[in-house]
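Going line by line, the protein sequences match chains U and V. Anchor point for the first sequence: position 161 equals 167 in the working numbering, and the numbering is continuous, going up by one each time. Anchor point for the second sequence: position 169 equals 178 in the working numbering, and the numbering is continuous, going up by one each time.
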Amino acid sequence: MKPLRLGKTSINLKPDLLLLELLTILLFLLFMFPFIMVVLNSAKTSREIIFDAIALPASWKQLGVNVGLIFSNPTVDYLGAFIDSIVITVLSLLVISIFSSMAAWILVRNKTLWSTILFMAFVSAMVIPFQVLMYPLVRWMRVIGEFLHFRLLGTVGGIVFAYLGFGSPLSIFIFHGFIKNIPLEIEESATIDGCPKSTIFFRIVFPLLQPIIITVLILNGIWIWNDYLLPLLVLGSNGRVQTIPIAVTAFAGAYLKQWDLILTSTLIAMLPIIVLYIFAQRYIIKGMVEGSIK
Amino acid sequence: MQELSRERTPMKKNSTVNIVFLAPCVLTFIMIIIIPFFFGLYYSVTDWNGVSDDVAFVGLKNFRGLVSSPDFIYSFLITIAYTLINIVFINIVSFILSLIVTSKIRRRNFYRSGFFVPYLIGGIVLGYIWQFILNNILVKIGTTYSIAFLQTSFLSKPNTVIWTMAVVNTWQYAGYIMLIFVAAIQGIPSSLMEAANVDGASYFHRVMHILIPMMANAFTISIFLTLTTSFKQFDMNMTLTNGGPATRFMDAPVKASQLLAMNIFNTATANRMAEAQAKAVVLFIALLIVSLIQVSVNKKKEVEM
């Protein structure tokens, strides 16, 4: 794999660089404008916002007050949703990356008709829009839950199970493309040495997958963290387990047009992913590019 | 391979490992996607109401209903319009952004990172943020500085709401598509650009005759990505407009910005489950056609190469 050398090559620009730079700064501010407005208005009271939504806040202390109001809110358990979102995202990413890489490895290394059929099935299923199967899925999950005596609706286990189902096709596809290019020799010599197959995978192959695992984690992580419809259907809009997007809609529904609370809740929802982005920018950009081109 | 008997034992052991390794993904795939998908297809030709367990086959009745439903036809047409606007907007904006961040300006990497940030924010959250920007901030600017066209929100007018949603969607996706374009630009051999430079080709000329043709593949990727994501758009639609405002189509009241996915959702929320399934199947067929076109385009390209 070639590392992306971003910013190293550049097109030779003849137009005035200064003018371009000025234009870019303006464009950049335009892009950042919504974020700036969220931060400014998260530090205002509802009355201040109605009075003047574009002014600077009277006191930044109000931001702390608003955040406190969000986390201590009696109708929406925001802190709980925050923790549940983290738990659901982390667990889903864990099972998706481990199980998909295992499956992809077998599909690459076993050149049989069956592995081709299975791989094609995973790939073509990516065309299916969520809307076709979401309602039958809820009904079906209730049926399996009753059959297994294990609640799938409204539980962390149930939604992680669903995320494994929706996340694995693309992940298997990405792993498949990567594993194809790993030379077989290492695995072969390990087989001759009498190394069992599972050990070969976890000790030799899995560590080699590290760069592509990051891609898989990022692609799935952004989607799962922000996902709304699946949690809504599987967890319900006021179930015991919640996620951040559901909590945000709950705020907007309960405090109609109370922008101080709604905006502060969106600010808290955005913060983790933006902080993560600041630290893992290189990997995220690389992961997004690789994920889209494949 | 089976001619040597001593090889048989490890082969057998291997096939159990194979099954164990494949089982989690394959079983989950069948349970979460395949079975619900076929149920979904089946329910579209039944009278499923989501409550009763008695489901009766009704043939194509649900689909026939869709053809004469102004509400559905409107959603379908507006989704196509929305998708086309997005393709134009996103490609143009992303292309400009990619030219900027591959130019020689200072802090270009900082800008590249910044333009990508909106993509990280989920549709639910950014829908609320933009609702606030459009209904409060812009209206406030309009009244403060007496700018007439800003004084009523773009979200409250049936003829501007789709365009506004496309602008918001462009804001979200442009940075992502920009990254794909940047990768394509950096894949162009620099010798090609330098040669054109020596030949005295103008900047505009180089962009039009070298850059864009060399980026054809990236444009294909971007068009199909935009097409499928716009067609399935739901989250931002719900929190930004929730379908509104009201308008009229074929002599019936319809919701001016209710895209296909939201139409399906609202139909199901009204407990008309079988009808919602029929609409979802139409969405599926539309996406299937798009994917088949994409596959054939890619095949053609491989042949050309």
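For every residue, glycine included, the Cβ atom is placed at its ideal position computed from N, Cα and C. The model shown is predicted, which means the values in this text are computed figures rather than measured ones.
(Q) I want to verify the contact list: residues of chain V whose CB lies under 9 angstroms from the CB of U/F153, in sequence order. (A) Result: empty, since nearest Cβ-Cβ is about 11 angstroms, beyond 9 angstroms.
Q.
So V/Y120 and U/T30 are supposed to be a Cβ contact under 8 angstroms. How far apart are they, rounded?
A. 6 angstroms
Q: From the DSSP output, in three-state form, read off U/A314 for me.
A: Any property of residue 314 of chain U remains undetermined from this structure, which presents chain U solely from 7 to 300.
Q.
Check whether chain V comes within 8 angstroms of U/L10, counting only Cβ atoms and requiring the distance to be less than that.
A. Per-residue confidence for U/L10 stands at a pLDDT of 47, beneath the threshold of 50, marking its modelled position as unreliable; the derived number appears in the next sentence. Yes, U/L10 lies at the interface with chain V (some Cβ there is under 8 angstroms from its Cβ).
**Q.** Other residues of its chain near U/K8: CB distance less than 6 angstroms, five sequence neighbours each side excluded
**A.** Unreliable placement is indicated for U/K8, whose pLDDT of 43 sits below 50; the coordinate value is still reported in the next sentence. Result list for U/K8: empty, nothing under 6 angstroms.
Q. How about V/F223: is its C-beta nearer than 8 angstroms to some C-beta of chain U?
A. In the sequence as displayed, the identity of residue 223 of chain V is Met instead of Phe. False, the Cβ-Cβ gap to chain U never drops below 8 angstroms.
Q) Any idea which residues DSSP pairs V/V263 with across the strands? A) V/T256
Q) If you measure from the beta carbon of U/M276 to each beta carbon in chain V, is any gap under 8 angstroms? A) yes
Q: Starting from the beta carbon of U/L85, find every residue of chain V whose beta carbon is closer than 7 angstroms, and list them in chain order.
A: Within chain V, no residue comes near U/L85; the closest Cβ sits about 17 angstroms away, beyond 7 angstroms.
Q) Can you tell which of V/A210, V/I44 and V/T92 has the C-alpha that lies nearest to the C-alpha of V/F233? A) V/T92
Q | Backbone secondary structure at U/L156 - three-state DSSP | A | It should be pointed out that residue 156 of chain U corresponds to Phe in this sequence rather than to Leu. Coil.
Q. How big is the Cα-Cα spacing for V/L135 and U/A256?
A. 15 angstroms
Q. According to the neighbour-count rule (16 or more other Cβ atoms, all chains shown, within 10 Å of its Cβ), is U/H155 buried or exposed?
A. exposed
Q.
Using the three-state DSSP reduction, which class does U/T51 fall into: helix, strand or coil?
A. coil
Q: Using a Cβ-Cβ cut-off of 8 angstroms, state whether U/M126 counts as contacting chain V.
A: no
Q) In whole angstroms, what is the alpha-carbon distance linking U/I290 and V/I133? A) 21 angstroms
Q: For V/M259, I'd like the list of residues in its chain whose CB is within less than 8 angstroms of its CB, leaving aside the five on either flank, ordered along the chain.
A: P79, I82 and Y83
Q) Which value, in whole angstroms, describes the spacing of the CA atoms of V/K310 and U/V166? A) 39 angstroms
Q | Own chain residues within Cβ distance below 8 angstroms of U/G242, not counting five before or after | A | L159 and G160
Q. Checking contacts by CB at 8 angstroms: is U/P135 closer than that to chain V?
A. yes
Q: Kindly indicate if chain U contains any beta-carbon less than 8 angstroms away from that of V/D244.
A: yes
Q: For V/R257, I'd like the list of residues in its chain whose CB is within less than 8 angstroms of its CB, leaving aside the five on either flank, ordered along the chain.
A: V263
Q. DSSP on V/T18, reduced to helix/strand/coil?
A. Bear in mind that the predicted position of V/T18 carries a pLDDT of just 41, short of 50, making it unreliable; the figure below should be weighed with that in mind. V/T18 falls in the helix class under three-state DSSP.
Q: Give the straight-line distance between the Cα atoms of U/D58 and V/K149, rounded to the nearest whole angstrom.
A: 7 angstroms
Q. Three-state secondary structure (DSSP) at U/G297?
A. helix
Q. Rounded to the nearest angstrom, how far is the Cβ of V/V177 from that of U/K203, given a contact under 8 angstroms?
A. Not confirmed; about 50 angstroms, so no contact.
(Q) For V/N226, which residues in the same chain have their Cβ closer than 6 angstroms to its Cβ, ignoring the five residues on either side in sequence? (A) none
Q. What's the C-alpha gap between U/P3 and U/S121?
A. Given a span of 7 to 300 for chain U in the structure shown, any question on residue 3 of chain U remains unanswerable.
(Q) Quick test of your reading: U/I218 and U/F172, contact by CB under 8 angstroms. State the CB separation rounded to the nearest angstrom. (A) Going by Cβ atoms, the distance from U/I218 to U/F172 rounds to 19 angstroms, so no, they are not a contact pair.
(Q) Shorter than 7 angstroms, the distance from the beta carbon of U/C201 to the closest heavy atom of the ligand NAP, or not? (A) Among the components of this structure there are no ligands whatsoever, and the ligand NAP is therefore not found.
(Q) U/L267 and U/L75 - do their beta-carbons sit closer together than 8 angstroms? (A) yes
(Q) For a test of the three-state rule: what should DSSP assign to V/F243, helix, strand or coil? (A) coil
**Q.** Distance between V/L296 and U/V129 (C-alpha atoms, nearest Å)
**A.** 14 angstroms
Q.
Which residues of the segment 56-88 of chain V have a Cβ closer than 8 angstroms to any Cβ of chain U? Give them in chain order.
A. G59
Q: Could you list which residues in chain U have their beta carbon closer than 9 angstroms to that of V/G123, in chain order?
A: F34, F37 and M38
Q) DSSP three-state call for U/T30: helix, strand or coil? A) helix
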